[in-house]
Amino acid sequence: MRSYLSDRMGAALLMAPLLLFLVLAYAWPFLGVVKWSFTLPTPGLGQYEALLTDDLVQSVFIRTLRIAAVVTVVSVAAAYAITVVWVRGTPAQRLIAEFCILVPFWISVLTRAFGWVALLSNRGLINTWLQAIGFISEPLALVRNEFGVIVGMTHFLIPFAVFPLASAMRSLDDRVLLAARGLGSSRMRTFWTVFVPMTRSGIIGAAMIVFVFSLGFFVTPAILGGGRSVMIAELIYLRIFQSPDWGLGAAISVVLVLFVGALMALLFRYVRPKQLI
Amino acid sequence: MQQPGRAAEIKAIGIGKSFGSFRALDNLSLDIGRGEFLTLLGPSGSGKTTFLMILAGFVQPTEGKLFSDGVDITDRPAEQRAAGMVFQGYALFPHMSVEANIAFPLKVRKKPAADIKRRVGEMIERVGLKGHEKKLPAQLSGGQQQRVALARALVFEPGVLLLDEPFSALDKSLRGQMQAEMKRLHQETGTTFVFVTHDQSEALALSSRVAIFNHGKLLQVGAPDEVYDRPDNRFVAEFLGEINMLPLKGVKPAGNGSTGLCEDRAVSMGCKAELVRGDAILAIRPEYMSISGEAADGENGIAATATNSTYLGAATRLDLTTRQGAKVTVSVPNEVAAAALSKGNSVWLTWPAEKGFLLPHGGQ
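In structure tokens:
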């Protein structure tokens, strides 16, 4: 009993610096933001009322959810394919997959966003080549719209979806797959009826992580959206720093944090935190 | 592995398997008869599981051919062989109910829904899982999971059922129960069973024939009493149970059997000295040896001194040393052991001629 207590004390001591940092750097300032949302410009629930009536805020919310949903589906599907190779491929395939997963982590999000601009813009590589081979006569609109934002965000988020999927695939008992084959099931059928359902917790975890990350994306939509497909984080920025409307910006932030919090709570009902790494 | 409902006959010719420089199986030839219960027995790493995986089609042999009912299936993928298979740890589909697990092989074969329902129902009844149809594997006990695995492997009436150490995770009493159940299923279905185990008593109790493996080689195949009483070599003799080994000199054929000198006393053996001449090892199972005050003329016997006893309840295990220093263990009635120990000095160890067998001197 004593050692149990002292273990708990030890764990609490080890976590204390991080907790203190989180309280001072996030929780405390966030309480200030909550206060603003109720007091600026005048005390009351006016800002939350505006959220429900303001067309711009609502369209940005809907766009953010839509983009996040598309990015989630595409990222998880792509990550699933890469992870299958990474976890179950030949040693050479594994090495290549690992390279593809890890390298993006070493390049800043800003660099990657500009990289996509260079590829996708009207005079970018893709349009120039397609025009050069005569496939198109006018450049395709690949950036400064939702398409560009989705491409950039998907590229950024795929590696984050890989880890929960890999964890699920690694814990899977190979003999179950052999059993399915031995009972007469083809490789394809075994993949869809046994392998995929058995990695369900990994798929849920990956989807939740990507979706939650997508909701708060700022740099990528700001650069690849070119001010046309504004997402919620950029809107908060605009309300705070450009049109000084701190109360509304604060209210949007509070709603976003509550929404993300609710999603995380839902996530941890299905998946243990350990399964996400 | 051909038509459903008909036991398969399998022929393996010169099967070998190398994993890199490791030789897992070497030049194995074996006929498995229609409807027989064959056990592959050996220590871990002996090649028995590799051979089972080759039969299932999960492992491709490096050389050799495999025939099922006369058809070459060496290159046929596992899903087209469709041998029923029960894995160590059962390998049930964790996301499917008991019912769905058992229905899986039938669904894969695109059987009509009504047919699937009927056959799954029958199978559930047969293995005694009624009332558990909707449960997930994680909600079942080890024995129940074992039954699901058996039902799933038998429901599509495969020509052969392959079992990879299916009882290793069960406790002793449940093991006995499942062994009896498996014997019953074998009789009811008439299917060919190939069963892998490292437990020699399980092998002897269940099978119609036992194949003993060591270091990737098939050492001996035969009925349980055949391999137990007349092992071909030292490894088989020792692996199947406790055995006493006495040095023999001057072994030569005599009538239907053979004779030799054991510690300067003439002894006779029921087996022929075909492969062994001169110096040899006489091997006798402990339960075939008895203790008496004096060996009669012409009776097999040597003098020994009891050194230690272990009380086992029904009998006593007695350790003895012969005059020339060989160690012998026998299992005798408790009062015989007490008498032998109280004497302090010499007793006679005797055995029937047909229970002793010859092994080559020194080597395996």
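As given, the protein sequences belong to chains A and B, one line each in that order. Each residue of the first sequence is one higher than the one before, starting from 1 at the first, in the UniProt record's numbering. Each residue of the second sequence is one higher than the one before, starting from 1 at the first, in the UniProt record's numbering. Beta carbons are placed, not taken as given, at the ideal position from N, Cα and C, and that holds for glycine.
- Leaving aside the five residues that flank B/Lys135 on each side, the residues in its chain whose CB is nearer than 7 angstroms to its CB run, in chain order, Ser97, Val98.
- Counted as a single uninterrupted DSSP element, the stretch harbouring B/Glu63 is not any alpha helix (DSSP H) but the beta strand (DSSP E) occupying residues 63-68.
- Rounded to the nearest whole angstrom, the C-alpha separation of A/Trp116 and A/Ala68 is 18 angstroms.
- B/Pro253: member of the beta strand (DSSP E) spanning 244-254, first to last residue.
- Distance from the Cα of B/Gly35 is smallest, within the candidate group B/Asp171, B/Pro77, B/Ser207, for B/Ser207.
- Here B/Trp351 carries a coil assignment [DSSP, helix/strand/coil].
- By the CB criterion at 8 angstroms, B/Val194 and B/Leu40 fall inside the cutoff.
- For the region 175-193 of chain A, the set of residues with a beta-carbon nearer than 9 angstroms to any beta-carbon of chain B comprises Arg175, Val176, Leu177, Leu178, Ala179, Ala180, Arg181, Gly182, Leu183, Gly184, Ser185, Ser186, Arg187, Arg189, Thr190, Thr193, in chain order.
- In the structure shown, B/Leu28 falls within a strand segment according to DSSP collapsed to helix, strand and coil.
- In the three-state scheme derived from DSSP, where H, G and I count as helix and E and B as strand, B/Ala296 is classed as coil.
- For B/Pro105, the C-beta contacts it makes with chain A under 7 angstroms involve Leu183, Gly184, in order along the chain.
- Contacts with chain A (Cβ-Cβ distance below 7 angstroms) from the region 85-105 of chain B involve Met85, Phe87, Gly89, Ala91, Phe93, Pro94, His95, Phe104, Pro105, listed in chain order.
- Neighbourhood of B/Val108 in chain A, by CB distance below 7 angstroms: Leu183, Gly184, Ser185, Arg189, in chain order.
- Bridge partners of B/Asp72 according to DSSP: B/Phe67.
- Residue pairing by DSSP puts B/Pro360 in a beta bridge opposite B/Ala280.
- Listed by position along chain A, the residues whose Cβ is nearer than 8 angstroms to that of B/Phe22 form an empty set, because the closest Cβ is around 18 angstroms away.
- Taking a Cβ-Cβ cut-off of 8 angstroms, A/Met169 has no neighbours in chain B, whose nearest Cβ is about 14 angstroms from it.
- According to the DSSP assignment, B/Leu38 belongs to no alpha helix (DSSP H) but to the beta strand (DSSP E) extending over 37-41.
- Bounds of any alpha helix (DSSP H) do not take in A/Tyr26, whose DSSP letter is neither H nor E.
- Listed in chain order, the positions of the region 138-154 of chain B with a beta carbon within less than 9 angstroms of a beta carbon of chain A are Ala149, Arg152, Ala153.
- With at least 16 other beta carbons inside 10 angstroms of its own, B/Ala304 counts as buried.
- Unbroken alpha helix (DSSP H) runs of no fewer than 4 residues, entirely contained in the region 100-165 of chain B, are found at 113-126, 142-154, following chain order.
- Secondary structure in the region 209-235 of chain A: the alpha helix (DSSP H) runs of 4 residues or longer, each lying completely within the stretch, are 219-224 in chain order.
- Between the region 88-106 of chain A and the region 18-26 of chain B there are fewer than three inter-stretch CB-CB distances shorter than 8 angstroms, so the stretches are not counted as touching.
- Your pair B/Leu170 and B/Arg147 does not check out as a contact, with CB atoms roughly 11 angstroms apart and the cut at 8 angstroms.
- The contact set of A/Met198 on chain B, defined by CB atoms closer than 9 angstroms, consists of Phe93, Pro94, His95 in chain order.
- In terms of Cβ geometry, A/Val87 and A/Arg170 form a close pair [threshold 8 angstroms].
- Here DSSP, grouped into helix, strand and coil, assigns B/Met85 to strand.
- The continuous alpha helix (DSSP H) containing B/Arg184 extends over residues 172-189.
- B/Gly57 and B/Pro158 have their C-alpha atoms some 14 angstroms from each other.
- Taking B/Thr49 as the centre and dropping the five residues before and after it, the same chain places the C-beta of Asp164, Val196 closer than 7 angstroms to its C-beta, in chain order.
- The Cβ-Cβ distance between B/Ser46 and B/His215 falls below 8 angstroms.
- Leaving aside the five residues that flank A/Ala233 on each side, the residues in its chain whose CB is nearer than 7 angstroms to its CB run, in chain order, Gly216, Phe217, Phe218.
- Interface with chain A (8 angstroms Cβ-Cβ cutoff): B/Glu79 is included.
- When the five nearest sequence neighbours on each side are left out, no beta carbon in the same chain lies closer than 7 angstroms to the beta carbon of A/Val73.
- Under the 8 angstroms criterion on CB atoms, A/Asp173 is classed as interfacial with respect to chain B.
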